[in-house]
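Asker: Residue numbers (our numbering), protein chains in the order written: chain Y, 1 to 117; chain V, 1001 to 1112. Glycine included, each C-beta is placed from N, C-alpha and C at the ideal position. Model, not experiment: these values are computed from the prediction.
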Amino acid sequence: GALVYQYPRRTICKSGTSMRMECQAVGFQATSVAWYRQSPQKTFELIALSTVNSAIKYEQNFTQEKFPISHPNLSFSSMTVLNAYLEDRGLYLCGARTGTGDTGQLYFGEGSKLTVL
Amino acid sequence: KTQVEQSPQSLVVRQGENCVLQCNYSVTPDNHLRWFKQDTGKGLVSLTVLVDQKDKTSNGRYSATLDKDAKHSTLHITATLLDDTATYICVVGAQGGRALIFGTGTTVSVSP
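Right, dumping it as structure tokens:
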């Protein structure tokens, strides 16, 4: 079956340090990968969308300088939270889509939970 | 302003009972709507995708409806089980783009 593995599942980091999280698509080709953040008591916000053969598109309030993303092939993506501070804590989700349509299958990883001390 | 609103915010049902979750949205233009289940502290599991102007889907004990004219969707859970305890999130896909707009979720607690 198709799965998305995300790791690490949990990270505790000191304020000002960085954390890298990875997203692995298994059993399908991820033509696009979106990274989301669920902050405490909030819903999910889109950070950026990465589509194969296109530039990574960041949402307002999120920048490449703060959340650099790598999407080197159809099965792997990584995102780093640079200089993490308290407001960066939350659950980071990777969502991978197959095909080119908007209603294609969409798979989410279990998330990488970031705690900042 | 929240573009995707879910109600109720939370509910408690007894095992075996049915429940209905509501999703109202203002996203325009709307392409499709998805329902996800999120267990505490975990990721999202897709339950269904609704696409048509007036759509209905069924996935085991989960069934859903969509009315794009009313910009309204419902998720029905039949004969709830303890494992149905989770947060259910309604997500609207915007037309012409790949962006997904998430609702705030309904927390369902199933008691024995």
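#1: Is there contact here, the region 88 to 108 of chain Y with the region 23 to 41 of chain Y, by at least three beta-carbon pairs under 8 Å?
#2: Is it the case that the Cβ atoms of V:Thr-1107 and V:Ser-1026 are separated by a distance below 7 Å?
#3: Please tell me whether Y:Leu-93 and V:Gly-1043 are closer than 7 Å, where the distance is taken between their beta carbons.
#4: From the DSSP secondary-structure annotation, give me the bridge partner or partners of V:Asn-1089.
#5: Terminal residues of the continuous beta strand (DSSP E) containing V:Tyr-1084?
#6: With distances taken between CB atoms, is the gap from V:Val-1110 to V:Asp-1030 smaller than 7 Å?
#7: Determine the chain V residues that contact Y:Thr-43 at a beta-carbon separation under 7 Å, and present them in chain order.
#8: Can you pull the chain Y residues whose beta carbon is under 8 Å from the beta carbon of V:Ala-1047, in chain order?
#9: Leaving out five residues before and five after V:His-1072 in sequence, what residues of the same chain have Cβ atoms less than 6 Å from its Cβ?
#10: Beta strand (DSSP E) containing Y:Thr-11: first to last residue?
#11: Under the three-state reduction of DSSP, which class applies to Y:Leu-74: helix, strand or coil?
#12: Going by the beta-carbon positions, is the gap between Y:Lys-66 and Y:Leu-91 smaller than 7 Å?
#13: Out of Y:Gly-111, Y:Gln-38, Y:Leu-117 and Y:Gln-105, point me to the one whose CA is closest to V:His-1032's CA.
#14: Whose C-alpha, out of Y:Tyr-7, Y:Ser-15 and Y:Leu-49, is nearest the C-alpha of Y:Leu-86?
Answerer: The short version:
#1: yes
#2: Position 107 of the second sequence, counted from the first residue, corresponds to residue 1107 of chain V. Position 26 of the second sequence, counted from the first residue, corresponds to residue 1026 of chain V. Against a cut-off of 7 Å, the Cβ pair of V:Ser-1026 and V:Thr-1107 comes out as no contact.
#3: Translated into the one-based positions of the first sequence, residue 93 of chain Y becomes position 93. Translated into the one-based positions of the second sequence, residue 1043 of chain V becomes position 43. Closer than 7 Å, so yes.
#4: Within the second sequence, residue 1089 of chain V is the residue found at index 89, counting from 1. In the sequence on display, residue 1089 of chain V carries Ile and not Asn. In DSSP, V:Ile-1089 forms a bridge with V:Phe-1036.
#5: To locate residue 1084 of chain V, count along the second sequence from 1; it is residue 84. The identity of residue 1084 of chain V in the sequence shown is Asp, whereas the question assumes Tyr. No beta strand (DSSP E) holds V:Asp-1084; DSSP gives it neither H nor E.
#6: As a working note, residue 1110 of chain V is residue 110 in the second sequence. As a working note, residue 1030 of chain V is residue 30 in the second sequence. Against a cut-off of 7 Å, the Cβ pair of V:Asp-1030 and V:Val-1110 comes out as no contact.
#7: Reading the first sequence from its first residue, position 43 is the one you call residue 43 of chain Y. What Y:Thr-43 touches in chain V: Phe-1102, Gly-1103, Thr-1104 and Gly-1105.
#8: On the second sequence, position 47 is the one that residue 1047 of chain V refers to. The sequence shown places Leu at residue 1047 of chain V, not Ala. Ordered by position in chain Y, no residue passes the 8 Å Cβ test against V:Leu-1047, which lies about 12 Å from the chain.
#9: Position 72 of the second sequence, counting from 1, holds the residue named residue 1072 of chain V. Excluding positions up to five away in sequence, the list reads Asn-1024.
#10: For the purposes of this step, residue 11 of chain Y is taken as the residue at position 11 of the first sequence. 10 to 13 is the span of the beta strand (DSSP E), which, as asked, contains Y:Thr-11.
#11: Translated into the one-based positions of the first sequence, residue 74 of chain Y becomes position 74. Reduced to three states, the DSSP call for Y:Leu-74 is coil.
#12: Here residue 66 of chain Y corresponds to residue number 66 of the first sequence, with the count starting at 1. Here residue 91 of chain Y corresponds to residue number 91 of the first sequence, with the count starting at 1. It is not a contact, given that the beta carbons lie outside the stated cut-off.
#13: For this step, residue 1032 of chain V is matched to residue 32 along the second sequence. Of Y:Gly-111, Y:Gln-38, Y:Leu-117 and Y:Gln-105, the residue nearest in Cα terms is Y:Gln-105.
#14: Against the first sequence, residue 86 of chain Y aligns to sequence position 86. Answer by Cα proximity: Y:Ser-15.
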